[in-house]
Amino acid sequence: MSIPPIPPGSRILVVDDDEALRERLAAAFRDRGYEALTAEGPPQALVALAQEPTHAVVDLRMPDGPGLPLVQELLRRRPDLKVVVLTGYGSIATTVAAMRLGATNYLSKPADADMVLAAFARGDVAPLDEAPVDYEAPTLARAEWEHINRVLDDCGGNISKAARRLGMHRRTLQRKLATFPPRQ
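When the sequence shown is numbered by numbering that gives the first Met the number 0, its final residue is 183 and no position is left out of the sequence of numbers.
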């Protein structure tokens, strides 16, 4: 069974502080027959809502503010909006938080336009409340990684502040963040 694409002519809002990624995604959406709007951060995204996007791609971490509250506000103002959250700092906790706020799907960076479109297309297949439960507890290393990323997110990405909250030296935190997240 193939997943149907989102309708042609849909208006997709791309919210990301990384200009190269934002413009590359927008251009790829335009090449596929969609209308693309762009926003550098939450303030511009809220302004862009006036252009009535049908879909939004939202980065989780931006200098102007975190992506999860933006997802919540976008959906409060436009309940019919389909949202895919993108992040370079994927964790189970942020995935669950995004889905509970109403995000359609969640992808780790790097993600291309085809991956985003597929995430929109399959987003409504298994709502969180009805998803099958085959949970496997994360390893200690994975749990630590997720905790560090939650604290870092709470600190707005400020390494020094997060290190103080975690009770570790800033360089230690930077080393931990430089390693790839542990598997399950």
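Built from N, CA and C at the ideal position, the CB exists for glycine as well.
Any non-hydrogen atom of the ligand ATP closer than 8 Å to A92 Cβ: This structure simply doesn't include the ligand ATP, nor any ligand for that matter.
Under 9 Å between C-beta atoms of A27 and A112: Residue mapping note: residue 27 aligns to position 28 of the sequence shown, counting from 1. Residue mapping note: residue 112 aligns to position 113 of the sequence shown, counting from 1. If you check the CB distance, A27 and A112 come in under 9 Å.
Straight-line gap, A118 to W144 (C-alpha atoms, nearest Å): Stepping through the sequence shown from its first residue, residue 118 is reached at position 119. Stepping through the sequence shown from its first residue, residue 144 is reached at position 145. Each residue's Cα considered, the two are about 25 Å apart.
Proximity to Q43 [Cα-Cα], best of A19, P7, E34 and E72: Taking the first residue of the sequence shown as position 1, residue 43 is located at position 44. Measuring C-alpha to C-alpha distances from Q43 to each of A19, P7, E34 and E72 identifies E72 as the nearest.
Cβ contact (3+ pairs, closer than 8 Å) linking the region 72 to 83 and the region 21 to 39: At 8 Å Cβ cutoff, the stretches do not touch.
Sufficient close CB pairs (3 or more, under 8 Å) joining the region 44 to 62 to the region 3 to 22: Of all C-beta pairs linking the region 44 to 62 to the region 3 to 22, three or more are shorter than 8 Å, placing the two stretches in contact.
Buried versus exposed, by CB contacts within 10 Å (16 or more), A139: Looking up residue 139 in the sequence shown gives position 140. The sequence given here has Leu at residue 139, not Ala. L139 is exposed by the Cβ-count criterion.
Buried/exposed call for R170, threshold 16 Cβ in 10 Å: Here residue 170 corresponds to residue number 171 of the sequence shown, with the count starting at 1. Exposed.
Unbroken beta strand (DSSP E) run spanning T86, endpoints: Residue mapping note: residue 86 aligns to position 87 of the sequence shown, counting from 1. K81 to T86 is the span of the beta strand (DSSP E), which, as asked, contains T86.
Delimiting residues of the beta strand (DSSP E) encompassing D58: Position 59 of the sequence shown, counted from the start, is the residue given in the question as residue 58. Where D58 is concerned, the enclosing beta strand (DSSP E) stretches over H54 to D58.
Three-state class that DSSP yields for D16 in the structure shown: The count along the sequence shown starts at 1 and reaches residue 16 at position 17. Residue state, collapsed to three classes: coil.
Bridge-paired residues (DSSP) for N148: Counting from 1 along the sequence shown, the entry for residue 148 is found at position 149. Answer is none; N148 lacks a bridge partner.
R60, buried or exposed, once every other Cβ within 10 Å from all chains shown has been counted against 16: Mapped onto the sequence shown, residue 60 falls at position 61. Buried.
Rounded Cβ spacing between A110 and L85 (contact assumed at less than 8 Å): The residue given as residue 110 occupies position 111 in the sequence shown. The residue given as residue 85 occupies position 86 in the sequence shown. Their Cβ separation, rounded to whole angstroms, is 6 Å, which keeps A110 and L85 in contact under 8 Å.
Spatial neighbours of A97 in its chain, beta-carbon cut-off 6 Å, leaving aside the 5 residues before and after: Along the sequence shown, read from residue 1 onward, the residue named residue 97 stands at position 98. Around A97: V84 and Y105.
Cβ neighbour criterion (16 or more within 10 Å) applied to P131: Numbered from its first residue, the sequence shown carries residue 131 at position 132. Any answer about P131 is weak, because its pLDDT of 42 lies below 50 and its placement is not dependable; what the coordinates show is given next. With a threshold of 16 other beta carbon atoms within 10 Å, P131 falls short and is exposed.
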